[in-house]
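Asks: Below are the structure tokens for one structure; questions will follow.
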Amino acid sequence: MVNPTIFQIVGYQNSGKTTLIKKLIRELAELGLTAVTIKHHGHGGKPDFQEGKDSYQHLQAGALATLVEGAGHLLLQSEKNKWSLEEKIQLLSFFKPNVILIEGHKPESFPKVVLIRNEEDLTLLDELDNIKVVFYWNQMDNNFESIKAFSIKDEAGPQWLALYLQRRSFD
1 MVNPTIFQIV
11 GYQNSGKTTL
21 IKKLIRELAE
31 LGLTAVTIKH
41 HGHGGKPDFQ
51 EGKDSYQHLQ
61 AGALATLVEG
71 AGHLLLQSEK
81 NKWSLEEKIQ
91 LLSFFKPNVI
101 LIEGHKPESF
111 PKVVLIRNEE
121 DLTLLDELDN
131 IKVVFYWNQM
141 DNNFESIKAF
151 SIKDEAGPQW
161 LALYLQRRSF
171 D
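In our numbering, the protein residues as written are 1 to 171.
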């Protein structure tokens with residue numbers, strides 16, 4: 001099995017991470033690459049899933065995991081105290097993607113894009129490592145000399161990033 005390229009998309013809430021990921025997935029698909037995503041639910045509490053459904057009841061009864069499939073759609077739910085990022089990556093690697101996109105998990109050291117919405121977000125550039133590109137909302141005093149940078153509105157940004165990931169996928 002070919003190891004997928006792992007890439008992080010990080011930034012604070014409402015910085016455009018999900019929008020960028022959607023654009024990036026489309027760009028990757030145009031290049032013939034497949035992608036899976038891992039989203040960090042960083043707002044506290046458990047992610048929502050439908051109470052009353054059989055799969056929910058299975059989990060409530062103590063099942064470690066439940067998988068529901070219908071018409072080619074697959075839904076996997078699991079109750080565990082904590083999932084490491086490595087476990088999530090291993091789980092999604094089953095699908096044999098070319099690229100695993102991780103939304104969040106800021107402290108991890110995978111190659112990443114950082115989204116900068118305002119001046120306060122610039123601290124991320126000092127706090128995080130392995131930054132390959134920056135997407136910014138407004139031109140700021142920091143001109144990102146040592147890092148590739150795009151305006152969030154520049155469609156060339158997601159295209160450049162998809163080509164970057166394509167090159168990494170075939171290295």
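For glycine and all other residues, C-beta sits at the position ideal for the given N, C-alpha and C. All values reported here derive from a predicted model rather than from experimental measurement.
When you compare only the Cα positions, how much space is there between residue 40 and residue 112?
Replies: 15 angstroms
Asks: Grab me the residues of residue 95's own chain with a C-beta within less than 7 angstroms of its C-beta, minus the 5 sequence neighbours each way, in chain order.
Replies: 36
Asks: Determine the DSSP secondary structure at residue 159, reduced to helix, strand or coil.
Replies: Per DSSP, reduced to three states, the secondary structure at residue 159 is helical.
Asks: Within 8 angstroms, do at least three Cβ pairs link the region 5 to 20 to the region 109 to 125?
Replies: yes
Asks: Tell me which residues share the same chain as residue 57 and place their Cβ nearer than 6 angstroms to its Cβ, disregarding the 5 neighbours each side in the sequence.
Replies: none
Asks: Just tell me which of 162, 163, 158 has its CA closest to the CA of residue 16.
Replies: 158
Asks: Exposed or buried, residue 75, counting other C-beta atoms within 10 Å across all chains shown (16 or more means buried)?
Replies: exposed
Asks: Residue 152 to residue 27, Cα distance in whole Å?
Replies: 15 angstroms
Asks: Looking only at its chain, what residues have a beta carbon closer than 7 angstroms to the beta carbon of residue 4, apart from the 5 residues adjacent to it on each side?
Replies: 93, 97, 98, 99, 100
Asks: By a C-beta neighbour count over all protein chains shown, 10 Å radius and 16 as the cutoff for buried, is residue 161 buried or exposed?
Replies: buried
Asks: Relative to the alpha-carbon of residue 106, which residue among 81, 70, 29, 129 has its alpha-carbon at the smallest distance?
Replies: 129
Asks: Tell me whether the beta-carbon of residue 77 lies closer than 8 angstroms to the beta-carbon of residue 55.
Replies: Contact: yes.
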